[in-house]
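Asker:
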Amino acid sequence: MSEWLVLTIAMAAACAVVLTIVVINNRRVPDDDDPSATPDVMEYMTMMIGVIYAIVLGLAIAGVWEARGAAQETVRQEAQALHEISARVQVYPADVRDRIRADVDAYVSYVVDEEWSHMSEHGELGDEGTRLLEQVRRSVTDYQPATDHEGQAYQPLVDQVGVVDDARGARGQSAGATMPGVVWFGLITGALVTVGLIFTLQIRRTGRELLLAGLFSALIAFLLFLIWDFDAPFGRGISATATPFTDLFPNLPG
Numbered sequence: 003m004s005e006w007l008v009l010t011i012a013m014a015a016a017c018a019v020v021l022t023i024v025v026i027n028n029r030r031v032p033d034d035d036d037p038s039a040t041p042d043v044m045e046y047m048t049m050m051i052g053v054i055y056a057i058v059l060g061l062a063i064a065g066v067w068e069a070r071g072a073a074q075e076t077v078r079q080e081a082q083a084l085h086e087i088s089a090r091v092q093v094y095p096a097d098v099r100d101r102i103r104a105d106v107d108a109y110v111s112y113v114v115d116e117e118w119s120h121m122s123e124h125g126e127l128g129d130e131g132t133r134l135l136e137q138v139r140r141s142v143t144d145y146q147p148a149t150d151h152e153g154q155a156y157q158p159l160v161d162q163v164g165v166v167d168d169a170r171g172a173r174g175q176s177a178g179a180t181m182p183g184v185v186w187f188g189l190i191t192g193a194l195v196t197v198g199l200i201f202t203l204q205i206r207r208t209g210r211e212l213l214l215a216g217l218f219s220a221l222i223a224f225l226l227f228l229i230w231d232f233d234a235p236f237g238r239g240i241s242a243t244a245t246p247f248t249d250l251f252p253n254l255p256g
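Using this note's numbering, read the sequence shown as starting at 3 and increasing by one per residue.
1) Taking the Cβ atom as the reference point for each residue, do R78 and M121 lie within a distance shorter than 9 Å?
2) Of the residues T196, D233 and L221, which one's Cα is nearest the Cα of V53?
3) Out of curiosity, what's the CA-to-CA distance linking L213 and S219?
4) Could you round the C-beta distance between F236 and V110 to whole angstroms and report it? I think they count as a contact, below 8 Å.
5) Output the distance between the C-alpha atoms of A179 and D233, rounded to the nearest integer angstrom.
6) Cβ-heavy atom distance between E68 and the ligand PLP below 8 Å?
7) State buried or exposed for L217, treating a residue as buried only when at least 16 other CB atoms are found within 10 Å of its CB.
8) Could you spell out where the alpha helix (DSSP H) holding S176 opens and where it closes?
9) What does the alpha-carbon distance come out to for the pair A193 and A169?
10) Rounded to a whole number of angstroms, what is the C-alpha to C-alpha distance between T143 and T243?
11) If you reduce the DSSP assignment to three classes, tell me which class T243 lands in.
12) From the DSSP output, in three-state form, read off M44 for me.
13) Alpha carbon to alpha carbon, how far is G131 from D231?
14) Report buried or exposed for S119, applying the criterion of at least 16 other Cβ atoms within 10 angstroms of its Cβ.
15) Which residues bound the alpha helix (DSSP H) around F201?
16) At least one CB of chain D closer than 9 Å to the CB of I51: is that the case?
17) Run the CB neighbour count on R70, radius 10 Å, all protein chains shown included, and call it buried at 16 or more, exposed below.
18) Taking the C-alpha atoms as reference points, what is the distance between D100 and A108?
19) Can you tell me whether D285 is helix, strand or coil according to DSSP?
20) What span of residues does the alpha helix (DSSP H) with D115 cover, start to end?
21) Please identify the residue among L84, L21, V165 and G128 whose C-alpha is closest to the C-alpha of D105.
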C-alpha cells in the first residue's frame, strides 16, 4: 500500500469520525438550546489551524536549513581531507609526492569547474569525479613506504582518502531535493486552507483588511519559496558553495 493511499484513507477517516460525532451530538441537542451562550467555535478553529500551520512551516524551514548546513559541512570535510593528503605526502619521494598532488589537483579542478554545475542541473554526481577519486586512492595506497617516517604517514593518508570518499558520498546524497513529496503536499494544502480561512471571517473591502489579507498571503508565499529554495542544497539560489575547495587550493586554475 502506497503512502499516498494511506494518507488519503487516514484523512478521510479522521473527517468521517469528526463529522459523525458532530451530527450525532447535534441530534441530541434540545430544542431550547441557545447557541449564543457558547463561544464562537469558528474563531477558535481558525486560530488553531493558523498556529498548527505556523509550527509546520517553522519545522520545514528548520529542516531544509539544517540540511543545507550539513551539505556545506560535507563540502568542507571533503576539501579539508584533500588538503591534508596534499600536505602529508611531503615526506614521500618527489616523484610520488608530485603524482599524488597532481591527482588531487585534477580531482579538485573537476569538482569545482564541472561537477558543481552538473550537481545543480541534474541533482547527482558525475562519473568522472568517481574515476578521479579512485585514481587518488590508487596513487596513495599503491605506494610502499621505504622508511619508518613514510610508514607513519601512510595510514593517515589512507584514512584521509576514506574521509574524502565518505564526504563525497554524502554530497551526492544531498545533491537533489531533500523534501519528500508528501511534505510538499501538506505544506501547499495547508497554505490553501490557511489562506482560505480568511473568507470565513467575513472580511470586508476596507483598506486595512485588504492590506492585512494581502500581507498574510504574501508571507505564506514567501515562506514556501524559502523552503523550496533551501530544499536543494546545491541547486538553487541560497545554496552550498565550493568555497572550501577554492580557499584550500587557491593556485588551481578556475
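Glycine residues also receive a C-beta, built at the ideal position from the N, C-alpha and C atoms.
Answerer: Quick answer:
1) no
2) T196
3) 10 Å
4) About 16 Å separates the two Cβ atoms, so there is no contact after all.
5) A direct Cα-Cα distance of roughly 5 Å separates A179 from D233.
6) Looking at this structure, you won't find the ligand PLP or any other ligand, since it has none at all.
7) exposed
8) Premise fails: S176 is in no alpha helix (DSSP H) and is neither H nor E.
9) 36 Å
10) If you draw a straight line from the Cα of T143 to the Cα of T243, it is about 30 Å long.
11) coil
12) helix
13) 26 Å
14) exposed
15) No alpha helix (DSSP H) contains F201, which DSSP labels as neither H nor E.
16) As a matter of chain content, chain D is missing from the structure shown, which is built from one protein chain.
17) Counting C-beta atoms within 10 angstroms of its own C-beta, R70 has 16 or more neighbours from the protein chains shown and is therefore classed as buried.
18) 12 Å
19) Since the displayed the chain opens at 3 and closes at 256, residue 285 lies outside it and no answer follows.
20) Premise fails: D115 is in no alpha helix (DSSP H) and is neither H nor E.
21) Of all alpha-carbon atoms in L84, L21, V165 and G128, the one lying nearest the alpha-carbon of D105 is that of L84.
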